[in-house]
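Below is one structure, written out as structure tokens; the observations come after it.
There are 2 protein chains.
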Amino acid sequence: MSELRQNLITRDWVIIATERAKRPDQFANTKKIPAFLPQHRADCPFCVGNEEDGTLETCRLGDRTGWKVRAIGNKYPALSPTAERIRISSGIHRMMSGIGFHEVIVEHPRHDLTTALLTVEEVTDILLVYRHRYLEIKKYPHVETIVIFKNHGESAGTSLEHPHSQIAATPVVPSQFRSRIDAAVRYFDDTGECLFCRTLEDELASGERVIFESEYFVAFIPYAALSPFHIWIFPRRHSSSFDDITDAEITDLADTLKTVLAQLYYGLNNPDYNYSIRSVPTAEQATKYFHWYIAIIPRVSKQAGFELGSGMFINTALPEESAEFLRSIAIPGDRNFRPS
Amino acid sequence: MSELRQNLITRDWVIIATERAKRPDQFANTKKIPAFLPQHRADCPFCVGNEEDGTLETCRLGDRTGWKVRAIGNKYPALSPTAERIRISSGIHRMMSGIGFHEVIVEHPRHDLTTALLTVEEVTDILLVYRHRYLEIKKYPHVETIVIFKNHGESAGTSLEHPHSQIAATPVVPSQFRSRIDAAVRYFDDTGECLFCRTLEDELASGERVIFESEYFVAFIPYAALSPFHIWIFPRRHSSSFDDITDAEITDLADTLKTVLAQLYYGLNNPDYNYSIRSVPTAEQATKYFHWYIAIIPRVSKQAGFELGSGMFINTALPEESAEFLRSIAIPGDRNFRPS
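From first to last, the protein sequence lines are chains H and B. Counting in numbering that gives the first Met the number 0, the first sequence runs from 0 upward without gaps. Counting in numbering that gives the first Met the number 0, the second sequence runs from 0 upward without gaps.
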């Protein structure tokens with residue numbers, strides 16, 4: 000018999016298909032690890048030498064030719080900062096202009112690397128650029144929500160091999176954010192606690208779904224994981240917005256993020272994945288009831304039909320088993336290891 | 000500059016990428032139409048001759064060997080009617096047993112057909128079985144929500160070629176349903192109108208997004224379509240639940256559904272798609288504020304990264320252009336035509 004679990008943070012019910020659950024290693028990518036990507040491609044817009052492609056550089060670590068990480072405007076932005084703010088409500092139609100930000104973070108000069116293979120120092124640089132751009136973009140009064148996300152691999156929605164992530168700043172609060180905030184507010188009003196702090200406490204007490212702990216962060220598979228190897232990274236310190244992160248926390252998060260992505264890389268053979276960093280809307284940063292976090296969703300299963308239809312999720316992996324499996328994965332080298 | 004539109008029924012904001020919108024025909028499936036599927040496969044569990052595979056038959060139109068449509072228990076059900084109802088709330092964990100229904104509707108004895116190629120009479124038979132099973136399943140007290148859905152093609156989540164759809168009856172109201180109902184209630188309280196009736200009125204008045212009209216139904220691309228060729232079919236008569244449909248409406252809906260799916264089939268070269276029939280939770284059927292409808296989502300674009308991260312949708316097709324394109328598609332043959 001299957002088991003239903005409710006994810007209190009997303010409010011979704013998940014069917015944990017206990018009877019036909021697969022073994023963790025059955026979720027591994029069956030394609031070969033693309034170990035033979037070139038270090039540089041002349042036709043890659045993010046590779047060294049192609050910086051002058053007309054996109055605006057908004058942040059750079061390192062000098063012009065020896066850069067480490069760059070933030071640039073998206074060549075095909077979904078949202079643009081130069082648009083005029085127009086908002087029209089007519090009958091049942093509501094529209095507004097596509098004002099906002101949509102930037103790309105080029106994570107490394109080398110074409111063939113990915114976060115799991117970077118040094119902790121290199122991941123730290125990426126996170127520093129995230130924070131810098133978050134703080135700058137937040138100053139624009141029409142920005143309501145800022146999300147940082149990464150698409151790794153084709154089934155995660157990217158066709159560009161070069162390691163990169165994105166920042167989107169939207170002029171409205173997406174309804175998905177609003178409903179999660181509403182759930183957190185209701186929990187706070189009922190109990191006087193932050194739902195995220197409470198969840199973290201609970202995960203640490205049980206320990207069976209934790210996959211990595213550092214000084215400031217905890218990575219775990221949620222009790223009601225929406226899909227196989229769905230992972231959350233929570234800061235231990237209550238804070239509603241990513242840009243509030245300290246320097247010490249950034250270095251520590253780099254270690255945590257790299258470790259978890261390396262566990263997936265070595266454990267599941269470089270699966271495609273998305274991650275996103277979710278913060279409270281910019282105008283609500285002082286709140287006690289929301290807690291920023293990172294969600295990682297490996298693209299290791301296909302299940303959209305049932306979900307689109309029923310609004311419920313089916314997870315064919317047991318969260319406790321998946322966590323145990325990831326904890327057991329040995330990562331070659333130390334924190335400064337990088338394949339040459 | 001892109002344009003944001005809000006879908007008042009789902010509450011989602013959609014970025015309509017006006018600047019980099021594609022032409023409608025650019026969304027066509029590039030694979031060949033699988034015209035050479037066999038009419039029968041000995042190894043297909045849904046083909047004639049394989050009925051005795053241990054699954055429970057819950058409904059059959061026609062006799063045992065000359066059946067037209069069958070409903071059977073899913074061989075690997077996500078939810079099962081024989082489970083005991085157990086619900087546990089412990090700390091922040093909520094779980095319950097996987098009680099409910101998960102059935103398959105085998106839509107036709109032939110292996111190689113699909114709804115777009117069936118006669119209106121054959122589609123009528125499928126809808127009759129939908130209604131019959133809906134009414135039967137609704138009698139079980141632990142059932143809260145019943146959804147009928149279809150996955151067509153691999154990217155829509157099915158690996159089985161034989162034409163089939165599914166019914167899922169869940170023992171909880173999925174949060175996605177709840178939030179849509181909440182939005183509809185709020186609209187009703189504010190205006191005294193059903194949001195769906197109002198939307199339909201508005202689409203008919205403008206006409207630019209309508210793709211097919213019949214006596215009892217209207218098919219259109221919503222103003223804030225969440226993805227390219229996202230289609231809704233609304234009954235003209237206010238009714239909150241699919242099982243309330245009359246015989247005359249069933250025949251009419253069969254014509255509408257077949258026509259719309261044929262427009263997609265011929266216009267976009269047999270794209271993969273999902274459809275679902277969404278009704279109010281069974282306990283709330285008398286409501287004035289919810290309206291059942293069919294949502295069709297062709298799988299013609301990949302965009303999950305931005306959506307997962309930002310909670311917003313990007314649609315690279317203009318709803319008005321997509322509707323005009325589908326209206327222009329000529330469907331070969333009449334309502335009784337079926338390729339031999």
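Yeah, the Cβ is synthetic: ideal placement off N, Cα and C, and Gly gets one too.
Under the three-state reduction of DSSP, residue 224(H) is assigned to coil, being neither helix nor strand. Excluding sequence positions up to five before and after residue 315(B), its CB lies within less than 7 Å of the CB of 16, 19, 20, 21, 227 and 300, all in the same chain and listed in chain order. Judged by their CB atoms, residue 103(B) and residue 176(B) are not nearer to each other than the 9 Å cut-off. Nearest to residue 90(H) by alpha-carbon distance, out of 192(B), 308(B) and 263(B), is 192(B). For residue 148(B), at least one C-beta of chain H is nearer than 9 Å to its own C-beta. In this structure, residue 225(H) and residue 9(H) form a Cβ contact; the two beta carbons are roughly 7 Å apart against a cut-off of 8 Å. Bounds of the alpha helix (DSSP H) holding residue 128(H) are 119-136. Relative to residue 241(B), the option among 24(B), 190(B) and 134(B) whose CA is nearest is 134(B). The residues 162, in chain order, have a CB closer than 6 Å to that of residue 107(B) in the same chain once the five nearest residues on each side in sequence are set aside. Going by DSSP, residue 252(H) is part of the alpha helix (DSSP H) stretching over 246-266. The beta carbon of residue 75(H) falls within 9 Å of a beta carbon belonging to chain B, placing the residue at that interface. Residues of chain H whose Cβ lies closer than 7 Å to the Cβ of residue 178(B) are, in chain order, 178. Look at residue 8(H) here: in three-state DSSP terms it is coil, with no helix or strand label.
It is roughly 9 Å from the alpha-carbon of residue 253(B) to the alpha-carbon of residue 124(B). Take the alpha-carbon of residue 77(H) and the one of residue 313(B): they are about 8 Å apart.
Using a C-beta cut-off of 8 Å, the region 42-62 of chain B makes contact with the region 72-88 of chain B, since at least three inter-stretch Cβ pairs fall below that distance. For residue 26(B), the closest C-alpha among the options 333(B), 292(B), 277(B) and 266(B) is that of 266(B).
Under the three-state reduction of DSSP, residue 160(B) is assigned to coil, being neither helix nor strand. Membership of residue 139(B) in any alpha helix (DSSP H) is not indicated, and neither H nor E is assigned to it by DSSP. Chain B places no beta carbon closer than 9 Å to that of residue 319(H), leaving this residue out of the contacts. Residues of the region 64-88 of chain B with a Cβ closer than 7 Å to any Cβ of chain H, in chain order: 75, 77, 78, 79 and 82.
Counting of Cβ neighbours within 10 angstroms places residue 169(H) among the buried residues, the total reaching 16 or more. Per the C-alpha coordinates, the member of 13(B), 142(B), 115(B) and 14(B) positioned closest to residue 280(B) is 142(B). Taking 8 Å as the upper bound for CB-CB distance, residue 197(H) and residue 215(H) are not in contact here, some 18 Å apart. For the pair residue 331(H) and residue 259(H), the Cα-to-Cα distance works out to about 13 Å.
Just so you know, the alpha carbons of residue 42(B) and residue 50(B) end up roughly 12 Å apart.
At a C-beta separation below 7 Å, residue 301(H) has these neighbours in chain B: 156. Contacts with chain B at 9 Å (Cβ-Cβ) include residue 194(H). When rounded, the separation of the alpha-carbon atoms in residue 96(H) and residue 88(H) is 12 Å.
Note that the C-beta distance between residue 244(H) and residue 326(H) is not below 9 Å. A Cβ-Cβ distance of about 10 Å is found for the pair residue 199(H) and residue 232(H), leaving them out of contact under the 8 Å criterion.
If only uninterrupted alpha helix (DSSP H) runs of at least 4 residues are considered, those enclosed by the region 182-230 of chain B are 194-205. By the C-beta density criterion, residue 306(H) is buried, having at least 16 other C-beta atoms within 10 angstroms. Contacts with chain H (Cβ-Cβ distance below 7 Å) from the region 93-122 of chain B involve 93, 94, 95, 96 and 97, listed in chain order. In terms of CA proximity to residue 7(B), 178(B) leads the group 178(B), 116(B) and 251(B). Proximity of chain B to residue 326(H) at the Cβ level (cut-off 9 Å) is not reached, the minimal Cβ distance being about 21 Å.
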